[in-house]
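Participant: Please find one structure pasted underneath; my questions will follow.
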Amino acid sequence: MRTSSRIVAVVLFDEVELLDVAGVLAVLGAAGRQWNFRPFKLLTVATTARVVETRSQIRIEAKSSLADCPAPEIVVVPGGYGARRALSDPAVSGYLRDVAPSVAHFLSVGHGALLLASAGLTTDLDVAVPKESAVALTELSPGARPDVAARYRESGSVLSAGTAAGGIDAALHLVSKLLGKKQAETVATSLGFAWTEGSAASVAIVDGEE
Numbered sequence: 022m023r024t025s026s027r028i029v030a031v032v033l034f035d036e037v038e039l040l041d042v043a044g045v046l047a048v049l050g051a052a053g054r055q056w057n058f059r060p061f062k063l064l065t066v067a068t069t070a071r072v073v074e075t076r077s078q079i080r081i082e083a084k085s086s087l088a089d090c091p092a093p094e095i096v097v098v099p100g101g102y103g104a105r106r107a108l109s110d111p112a113v114s115g116y117l118r119d120v121a122p123s124v125a126h127f128l129s130v131g132h133g134a135l136l137l138a139s140a141g142l143t144t145d146l147d148v149a150v151p152k153e154s155a156v157a158l159t160e161l162s163p164g165a166r167p168d169v170a171a172r173y174r175e176s177g178s179v180l181s182a183g184t185a186a187g188g189i190d191a192a193l194h195l196v197s198k199l200l201g202k203k204q205a206e207t208v209a210t211s212l213g214f215a216w217t218e219g220s221a222a223s224v225a226i227v228d229g230e231e
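Reminder that position 148 of the sequence shown reads as 169 in our numbering, one-by-one numbering, no gaps.
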C-alpha cells in the first residue's frame with residue numbers, strides 16, 4: 022500500500038457551493054482514519070490565499086494561492102454560482118490547464134465542470150452536469166457530452182457529478198479506486214451514508230458503460 026499522501030487541491034472562489042466542498046472533503050478526510058494515516062493531503066487554494074465567501078453565508082479559508090500550491094495529484098473543482106463567475110478569471114482556467122499534465126484525477130461537482138471545460142479538459146468526455154449547465158458545457162467545450170441524469174460519471178481523468186450528493190458518491194468511488202472498495206464502504210458507514218459501489222443509488226457510468 023502506498024504510504025505517502027496524495028496532494029489534493031480544492032479550488033475555491035467566492036460564491037462557491039459549500040456542500041460541494043464539504044461533501045467531497047468529508048469523504049477524503051475520513052479515509053484512512055482507522056490506520057491513523059491520511060492518504061489524502063487536502064489543500065484549499067484560490068487565486069490568492071484568503072477567506073472565501075460561500076453561497077451559504079459561511080466563510081472558508083483558502084490556505085494557499087494557486088501559484089504557491091504544491092503540484093497536486095487530484096484537483097477538486099466545486100460548483101455554485103461562483104463557478105460561473107470564475108469563468109471570467111483567467112487565473113483559474115490557467116491553473117487547471119497548467120497542472121493537468123501531472124494530475125491523475127479531476128473531480129468536479131455541479132457547475133464546477135464548466136471550469137474544466139474552459140480549461141480544455143473535457144474534450145470528447147462524458148460529463149455529469151446540472152441541467153442548467155448542459156448548454157454552457159457544450160459552448161465551452163463542443164466535444165464534451167453532457168449528462169444531466171447520472172449521479173456521477175468517470176471519463177478519462179475526469180470524475181464529474183451534477184449535484185453535491187453525487188459529489189459524495191464520486192468521492193467514494195475515487196476512494197474505492199485508489200484505496201479499495203472496503204475502505205470506501207468504511208468511510209461511507211462512518212459518515213452515515215448509504216453507499217455500495219454500483220448500486221442503483223450510486224451508479225458510476227464509466228466511459229459510457231454501466
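We put the beta carbon where it would ideally sit given N, CA and C, even for glycine.
Remember, predicted model here, so these are calculated numbers, not experimental data.
Label GLU175 either buried or exposed according to how many other C-beta atoms from any shown protein chain fall within 10 Å of its C-beta, with 16 as the threshold for buried.
Facilitator: By the 10 Å Cβ count, GLU175 comes out buried.
Participant: Applying the criterion that 16 or more other CB atoms from any shown protein chain within 10 Å of the CB defines a buried residue, is ARG80 buried or exposed?
Facilitator: The residue is exposed, with fewer than 16 neighbouring Cβ atoms inside 10 Å.
Participant: Less than 8 Å between the beta carbons of VAL61 and ARG23, yes or no?
Facilitator: One detail in the question is off: residue 61 reads as Phe in this sequence, not Val. The answer is no: Cβ separation not under 8 Å.
Participant: THR65 by DSSP, collapsed to three states: which one?
Facilitator: Of the three classes helix, strand and coil, the one that applies to THR65 here is strand, per DSSP.
Participant: What did DSSP end up calling GLY213 once you bin it into helix, strand or coil?
Facilitator: GLY213: coil per DSSP, three-state reduction.
Participant: Taking only the alpha-carbon atoms, compute the straight-line gap between VAL148 and ASP168 and give it to the nearest angstrom.
Facilitator: Going from the Cα of VAL148 to the Cα of ASP168 covers about 6 Å.
Participant: Looking only at its own chain, which residues have a Cβ that is under 8 Å from the Cβ of SER86, when we skip the five neighbours before and after it?
Facilitator: For SER86, where only same-chain residues beyond five positions count, the Cβ hits under 8 Å are VAL66, ALA67, THR68, THR69, ALA70.
Participant: So, using beta-carbon positions, are GLY53 and GLY188 closer together than 8 Å?
Facilitator: Their beta carbons are not under 8 Å apart, which means GLY53 does not touch GLY188 by this criterion.
Participant: For a test of the three-state rule: what should DSSP assign to GLU231, helix, strand or coil?
Facilitator: In this prediction, GLU231 has a pLDDT of 41, which is less than 50 and means its spatial position is unreliable; nothing more can be read from the coordinates.
Participant: Is it the case that the Cβ atoms of GLY100 and HIS132 are separated by a distance below 8 Å?
Facilitator: The answer is yes: Cβ separation under 8 Å.
Participant: Mind checking GLY103: buried by the 16 CB within 10 Å criterion, or exposed?
Facilitator: With 16 or more Cβ atoms within 10 Å of its Cβ, GLY103 is classed as buried.
Participant: Quick one: using the 10 Å Cβ neighbour count with 16 as the cut-off for buried, is GLU231 buried or exposed?
Facilitator: Since pLDDT at GLU231 reaches only 41, below the 50 mark, its modelled position is unreliable, and no value is offered.
Participant: Looking only at its chain, what residues have a beta carbon closer than 7 Å to the beta carbon of ASP119, apart from the 5 residues adjacent to it on each side?
Facilitator: Excluding positions up to five away in sequence, the list is empty.
Participant: If you count every other CB in all the chains shown that lies within 10 Å of the CB of GLY201, and 16 or more means buried, which is it?
Facilitator: Exposed, since its Cβ has fewer than 16 Cβ neighbours within 10 Å.
Participant: Does DSSP classify ALA30 as helix, strand or coil?
Facilitator: In this structure, ALA30 counts as strand in the three-state DSSP scheme.
Participant: Should LEU135 and SER154 be called a contact, given that it needs their Cβ atoms to be closer than 8 Å?
Facilitator: Against a cut-off of 8 Å, the Cβ pair of SER154 and LEU135 comes out as a contact.
Participant: Ignoring anything shorter than 4 residues or poking outside the stretch 52-124, list the alpha helix (DSSP H) runs there in chain order.
Facilitator: If we require 4 residues or more, the alpha helix (DSSP H) runs fully inside the stretch 52-124 come out as 102-107, 111-120.
Participant: Spatial neighbours of GLU218 within its chain, please: CB distance less than 6 Å, with the 5 preceding and 5 following residues excluded, ordered by chain position.
Facilitator: SER197, LYS202.
Participant: What residue range does the beta strand (DSSP E) around ALA149 cover?
Facilitator: Where ALA149 is concerned, the enclosing beta strand (DSSP E) stretches over 147-149.
Participant: Count the other C-beta atoms from every protein chain shown that fall within 10 angstroms of the C-beta of ALA125, then say buried if there are 16 or more, exposed otherwise.
Facilitator: Flag for ALA125 reads exposed.
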